[in-house]
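Below is one structure, written out as structure tokens, with a few remarks after it.
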């Protein structure tokens with residue numbers, strides 16, 4: 001049987017192909033742009049994966065392509081952008097899939113915040129607003145500083161503004177006016193504290209916490225993701241409390257099946273959801289889960305696409321190494337010509353591996369969110385803390401080479 005994949009996250013395609021093959025099925029990727037998966041496709045034999053080039057932004061075109069697959073048994077949509085089209089296509093074709101209304105709710109961060117607030121799971125609600133100074137001042141009066149303006153359907157840290165005073169409010173409004181949003185603009189309080197993500201699996205309303213991922217962000221006011229490690233070693237009672245909490249959160253959101261990657265802030269008054277993503281985590285989160293839990297977690301994705309109980313919900317999980325990864329950003333706008341320092345990775349502890357997210361010749365203009373990422377370095381260790389130390393050490397020696405190079409200092413300039 002064939003399982004269709006409506007686009008995918010940048011990494012994890014190889015793991016997913018292995019999972020499908022192990023279950024006796026074949027995977028078929030529908031994509032508008034093969035270059036997104038260049039790293040994964042280079043590592044896969046061409047005969048292991050079918051690829052259909054189709055405009056995945058056109059649901060009707062996707063439906064036509066899917067109906068031409070004679071033994072289609074399931075559809076996987078593992079990204080935020082294609083979550084709702086994937087659910088709609090599954091319903092049209094009579095295949096197993098998530099509840100469309102639930103997917104629609106999760107794709108609206110404002111709706112999620114309001115829902116959790118009504119259920120007593122968030123201290124505040126979100127306020128819809130518009131990119132005008134008058135509207136921004138209205139919500140600032142209602143919420144108070146600091147606050148966050150963001151795209152209700154944003155991804156990859158795009159269109160998110162942390163605002164701490166009137167000056168930053170005006171600047172955010174001006175930037176929002178020049179930004180194309182996937183949804184609409186919302187405002188909510190800024191919850192202070194370290195940021196984590198709960199990596200979970202849910203089937204028929206039952207949720208299992210697979211572990212908690214740490215998330216290191218850039219200094220304020222930017223909220224760019226810089227690094228992550230897994231699994232965070234919470235004391236047993238705190239971990240149990242987090243599992244009970246995330247189970248309540250997902251149930252309140254109506255989430256009954258699938259992986260979820262729920263970002264939250266651990267405040268002085270308890271956890272506060274940042275957003276719920278109805279998918280496995282992006283970047284190298286899936287790889288971190290596979291290594292640390294010593295199993296291919298993508299087998300659960302295959303099972304659920306077929307409407308079957310995922311054994312990962314009950315399996316005894318292995319004890320592989322802890323994992324950490326650091327995102328390497330372009331230092332300035334320009335064209336990438338390569339990286340220096342990659343040849344040193346084999347000499348460093350933690351078995352560092354390089355996962356490029358771009359190729360030489362790519363142009364970088366947006367550096368304040370994940371669009372500025374050129375690649376990711378991943379390391380292992382006996383604990384998440386030690387894995388992170390190794391990842392930071394490895395990342396410190398990698399430099400994206402950007403053309404044009406910065407102008408030379410004048411000969412008379414003093415260099416401190």
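In UniProt numbering, the protein residues as written are 1 to 416.
For each residue, glycine too, the CB sits at the ideal point set by N, CA and C.
Every value quoted in this text rests on a predicted model; they were computed, and no experiment measured them.
(request) Quick one: measure Cβ to Cβ for residue 404 and residue 378, integer angstroms, because I've assumed they're closer than 8 Å. (result) About 30 Å; that fails the 8 Å criterion.
(request) Please confirm whether residue 441 and residue 89 have their CB atoms less than 8 Å apart. (result) Absent from the model: residue 441. The displayed extent of the chain is 1 to 416, so no value can be given.
(request) Could you check the C-alpha separation between residue 104 and residue 288 for me, to the nearest Å? (result) 28 Å
(message) With a threshold of 7 Å on Cβ separation, who are the neighbours of residue 368 within its own chain once the five nearest residues in sequence on each side are excluded?
(response) 222 and 224
(request) Starting from residue 377, trace the beta strand (DSSP E) both ways and give me its first and last residue. (result) 373–381
(request) Report the rounded CA-to-CA distance for residue 259 versus residue 137, giving the unit in angstroms. (result) 38 Å
(request) Quick one: using the 10 Å Cβ neighbour count with 16 as the cut-off for buried, is residue 416 buried or exposed? (result) With a pLDDT of only 32 at residue 416, under 50, the local geometry of the prediction cannot be trusted, and the value read off the model is given with reservation. It counts as exposed.
(message) Please tell me whether residue 77 has its Cβ less than 8 Å away from any Cβ of chain C.
(response) The structure shown contains no chain C, having only a single protein chain.
(request) Give the range of the alpha helix (DSSP H) segment to which residue 21 is assigned. (result) 13–22
(request) Go to residue 110, then tell me how far its alpha helix (DSSP H) extends in each direction, as first and last residue. (result) 109–118
(message) Output needed for residue 335: all residues of its chain with C-beta closer than 6 Å, excluding positions within five of it in sequence on either side, in chain order.
(response) 363 and 403
(message) From the DSSP secondary-structure annotation, give me the bridge partner or partners of residue 200.
(response) 209 and 260
(request) Can you give me the start and stop residues for the alpha helix (DSSP H) that residue 243 sits inside? (result) 236–252
(request) Could you tell me if residue 208 is buried or exposed, where buried requires 16 or more neighbouring beta carbons within 10 angstroms of its beta carbon? (result) buried
(message) Restricting to Cα atoms, I'd like to know which of 87, 376, 248 and 263 is closest to residue 226.
(response) 376
(request) Rounded to whole angstroms, what's the CA-CA distance from residue 255 to residue 305? Just pull it up for me. (result) 16 Å
(message) Does the beta-carbon of residue 319, which I'm using as the reference point, lie nearer than 7 Å to any heavy atom of the ligand GDP?
(response) Annotation note on the ligand GDP: not contained in the displayed structure, which lists no ligands.
(message) Threshold first: 4 residues or longer. Then list the alpha helix (DSSP H) segments lying entirely within the stretch 117–192, N to C.
(response) 133–143 and 166–177
(request) Run the CB neighbour count on residue 151, radius 10 Å, all protein chains shown included, and call it buried at 16 or more, exposed below. (result) buried
(request) Report all residues from its chain with a CB closer than 6 Å to the CB of residue 350; omit the five preceding and five following residues, and keep chain order. (result) 379, 380, 381 and 390
(request) Return the chain-ordered ranges of every alpha helix (DSSP H) run that is complete within the stretch 16–82 and spans a minimum of 4 residues. (result) 38–43 and 59–67
(message) Among 296, 2 and 94, whose alpha-carbon lies nearest the alpha-carbon of residue 49?
(response) 2
(message) Suppose contacts are defined by Cβ-Cβ distances below 8 Å. Is residue 272 in contact with residue 191 by that definition?
(response) yes
(message) Does residue 409 come out as helix, strand or coil in the three-state DSSP assignment?
(response) Bear in mind that a pLDDT of 35 at residue 409, under 50, signals an unreliable position, so the model cannot answer this.
(message) Quick check on the burial criterion: 16 or more other C-beta atoms within 10 angstroms. Buried or exposed for residue 174?
(response) exposed
(request) Please confirm if the stretch 71–82 is in contact with the stretch 234–242, defined as three or more CB-CB distances below 8 Å between the two stretches. (result) no
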